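What follows is a single structure, written as structure tokens, with notes after it.
In the working numbering, the protein residues as written are 172 to 296.
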């Protein structure tokens, strides 16, 4: 008569777990490939004017801004150097303000950005 040993149960569970993880990896690969193709297709398209109804991810937009004089500086380390992340608010309409990340600047160059007017009328990205 055939008797099931604990090693047999472990082996069956191990095979089941390996098959489950392999299937999950193939599923994730398909999701990533679809995401990459969607991203590439959207980046090839022309920019559209930003509005609140845009529900597409990774869509290039045009922002027409009203001038806000404020800038936001966030303390941030980058590759061991002290600096700031510069974020500029753009008022799109009376009820919507969008924060645009202008990038990172070293601490010793902060006076350059403080004295610079970031008065672009249209931003594309």
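Glycine is no exception: its CB is placed at the ideal position from the N, C-alpha and C atoms.
This one's a predicted model, so the numbers in the text were calculated from it and none came from an experiment.
With a 10 Å radius around the Cβ and a threshold of 16 neighbouring Cβ atoms, residue 255 comes out buried. Secondary structure at residue 217: coil, using DSSP grouped into helix, strand and coil. Rounded to the nearest angstrom, the gap between the Cα atoms of residue 192 and residue 206 is 21 Å.
The residue from 261, 232, 220 with its alpha-carbon nearest to that of residue 214 is 232. Rounded to the nearest angstrom, the gap between the Cα atoms of residue 258 and residue 235 is 17 Å. Counting other Cβ atoms within 10 Å of its Cβ, residue 182 stays below 16 and is therefore classed as exposed. Secondary structure at residue 211: helix, using DSSP grouped into helix, strand and coil.
Rounded to whole angstroms, the separation of the alpha carbons of residue 174 and residue 188 is 23 Å. About 11 Å separates the Cβ atoms of residue 260 and residue 267, ruling out a contact at the 8 Å cut-off. Residue 249 sits in a strand when the DSSP states are folded into three classes. If you check the CB distance, residue 230 and residue 220 do not come in under 8 Å.
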